[in-house]
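Be aware that the sequence shown starts at 13, since it is given in the working numbering, and climbs by one per residue.
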Amino acid sequence: MFFNRPALVARSLAVAAAFFNSADAKTAAEWREASIYQVLTDRFATTDGTSPHCDISNYCGGTWKGIENKLDYIQGMGFDAVWISPVIHNIEESTQWGQAYHGYWGNDPFSLNPHFGTAADLKSLSDALHGRGMSLMIDVVINHLAANQASGSVDYSVFPAPFNSASAFHTPCAIDYNNQGSIENCWLVTDTPSLPDVNSENGDVYTAMVNSVADIVKTYGIDGIRLDTAKHVPKPYLTQFQEAVGVYVTGEVLDGNPDFVAGYEGPISSVLNYPLWYALIDSFMGADFSRLASMMSTEVSTFKDVNAMANFLDNHDQPRFASRQGNDVVRDRNAATYLMFASGIPVVYYGFEHRFGGAADPNNREALWGSGYNTDAALYKHIAQLHQIRDIASNLAGKAEYFAWGAEVLGTSSQYLAMKRGPVVVVVSNVGAAGTTNGFSVPSSQFDSGDTIVDLFTCTTVTAGTGGAFQSAANNGESRVWIRTQDKGSFCP
C-alpha cells in the first residue's frame, strides 16, 4: 500500500496537476534524446540471479531488484531509459490464459504487485537509474481493471473503493471497432478473465484512478509513462490524465492510420508510432522502401512532434522481429540501424539483442536469463555501436538541434533507403545476408563535393561528388553510416 485512499479520492485533478507538475520532470522535447529499453519485469532478471525454468503462461520470477542488478547490462548497450511492466496489484488466480505475470490485469490501483518486489525495491530501482543519469518509465492502464469472471458475473465488491460497485464501470458490451464510442465505452474482453471498462464519466472513480498514478509518479520518482490502450479512453480524460501526472506520456493507439493516431498527440505528450511500424515491417520484410519513405514524409506533416514519438521493431503485443524473417542477423542489424537514426525515440524490446524469435503472445515473452546476458552477442554489440555513433552525430550537430531536426529521406529503391540526420547519412537495406546488389547511389546529401566520407562500420572511404552524391557500395547486405572523415571521432583510427 502506498498512499491513503480516502485522501486520494478527495483530491481534485486540478490540485494533483499542480502538485505533480514538477519542474524536474523531463519534457517531451527532452525525451526526444532518450533511447528506451523495454522489459517485461517478470521475464528480465530474478533477484538472486538464478535462471529458473519459465512456463511462459505463468509468473517466472523476474523482479524490480533483478532489473536493478542488471543495469550494467542495459547501460552497456547505451540505453538511458528503462520501460518496465505495470506496477500495480493484479488478479492472483490462474486463468485460461495463465497468470497475470505481464501486469495488465490490475485489480487494485492502490497497491503494488508483490510478485515484482516491495515498495522499497521499486524506489531503489528508480534511485539506481537516476544515479546513472537514466530514466524510469512505467506502463500504466487506466482504461480498465480485471476480474476472473465473465462480464455478466463480475463481483465488483472485491475491488477497492470507489471501484467496488457496478457504477464504477461502463455497462458490459463487446467492442464494435468501427464505432469510436463503442471503442471507448465497451469492454476489451467480456470473457473470462474480463476487463471491466472504467467509467471515466464518474468523477470520483476517474479522479481516484488518475490520482493513483500521479501518486506513484511522485512516490517513486517516475520519469515517464507508457499508457496502455489509450485509444479506448475518451480524449478529454486523457488530457486530464496528462495534466495530473505531469510527466511525459506516450500512448498506445494501435492503428496504422496516421491521421487517426495524430488525434491523440495533444491530449497526451506522444504516441507509440504504429503507423511507421506497419510500413517499417513491410519494407524490411522485402517490400519496396517507398512505403516507408512515404510514411516518414506523411508523419512530418501530420504530427506536431514526430521526434517525440516512440518507434519500435517489436514489443510484448507483436511478434518479435526475428520471428518474421528467419535466421538473418543482417536484416536485424539493418532494422536496428534504421530505428536508431529515424525521427523519434528508439525503443528496443528486451531479447532483440539475442535474436529472440517468439511469435504471437505469449511466445514473444521469453525469459531473458536463457541468454546468459551475453554481452558478446552480435546484436548487443551492434546496438552499443549505434548508440556511440548517435552520440557523435548529436554532439556534432548540437543535441537540441539534432533531436529537433529528425531524419530526411534522400532516396529509395526496392532494396535500399538512404536518409540523413544531422552530420550522418544512413543507408539501410532489406536484401539480408543472402542478397547480392551493387549497392545504392545516394543522389544528394549534406556533404560537399570533394568531401572524403567514411562508413563507420567498415571504415571504407569514398569521395562525395556534385551535390554530395556518392555510391554506397554493397557490403553483404549490411547497413552503412557515412560521415566526414574529420568528424569520425574514435571510429576507424
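Beta carbons: idealized from backbone N, C-alpha and C, even for Gly.
Under a 10 Å Cβ-count criterion, N176 is classified as exposed, with fewer than 16 other Cβ atoms of the shown protein chains found around its own Cβ. Restricting attention to I465, G233, W199 and S212, the CA atom closest to the CA of G143 is found in G233. Counting C-beta atoms within 10 angstroms of its own C-beta, Y428 has 16 or more neighbours from the protein chains shown and is therefore classed as buried.
Assigned with DSSP and collapsed to three states, T75 falls in coil, not helix or strand.
Secondary structure of P248 (DSSP, three-state): helix. If you look at F181, you'll find it isn't in any alpha helix (DSSP H); DSSP assigns it neither H nor E.
Straight across, the Cα-Cα distance linking N190 with E196 is about 11 angstroms. DSSP, read as helix, strand or coil, puts T473 in strand. Here DSSP, grouped into helix, strand and coil, assigns E264 to coil.
With fewer than three CB-CB distances shorter than 8 angstroms, the stretch 37-48 does not count as touching the stretch 111-120. The beta-carbon separation of L288 and T349, rounded to 15 angstroms, does not stay under the 8 angstroms limit for a contact. For I86, the CB contacts under 7 angstroms within the same chain, skipping 5 residues up- and downstream, are Y49 and V94 in chain order. When Cβ pairs closer than 8 angstroms are counted between the two stretches, the stretch 319-338 is seen not to touch the stretch 447-454, the count staying below three. Cβ-Cβ distances below 6 angstroms link S383 to H366 in the same chain, with the five nearest sequence neighbours on each side left out; the list follows chain order.
Beta-bridge pairing by DSSP links E277 to I280. Proximity of the stretch 122-140 to the stretch 350-370 falls short of the contact definition, fewer than three beta-carbon pairs being nearer than 8 angstroms. The residue from A305, N125 and V261 with its alpha-carbon nearest to that of T424 is A305. A distance below 8 angstroms between beta-carbons, with the five flanking residues on each side excluded, links P270 to the following residues of its chain, in chain order: P287, M307, T310, E311, T314 and F315.
For N125, the three-state secondary structure derived from DSSP is coil. Nearest in C-alpha terms to I465, of all of T475, G363, S456 and T251, is T475.
Non-local C-beta neighbours of E413 in its own chain, meaning closer than 8 angstroms and more than five positions away in sequence, comprise G434, ordered along the chain. Collapsing the DSSP output to three states places I234 in coil.
Under the three-state reduction of DSSP output, F296 falls in the helix class.
With contacts defined by Cβ atoms closer than 8 angstroms, K432 and Q458 form a contacting pair. In the structure shown, the three-state DSSP call for Y362 is coil. Judged by DSSP in its simplified three-state form, S309 adopts helix. The C-beta distance from A242 to Y276 rounds to 6 angstroms, short enough to meet the 8 angstroms contact threshold. For N407, the enclosing alpha helix (DSSP H) begins and ends at A390 to A409.
Beta-bridge annotation (DSSP): K432 is paired with E420 and V437.
With contacts defined by Cβ atoms closer than 8 angstroms, L134 and V99 form a contacting pair. In the same chain as G90, and ignoring 5 residues on each side of it, the C-beta atoms closer than 6 angstroms to its own belong to A396 and H399, in chain order. In the three-state DSSP reduction, N197 falls in the helix class (H, G or I).
Of the candidates R492, R496, V439 and F469, R496 places its Cα closest to the Cα of S461. By the neighbour-count criterion, in which a residue is buried when 16 or more other Cβ atoms sit within 10 angstroms of its Cβ, S426 is exposed. For T464, no alpha helix (DSSP H) segment is defined; the enclosing uninterrupted segment is the beta strand (DSSP E) at T464 to D467. Burial check for Q108: the Cβ neighbour count within 10 Å stays below 16, so the residue is exposed.
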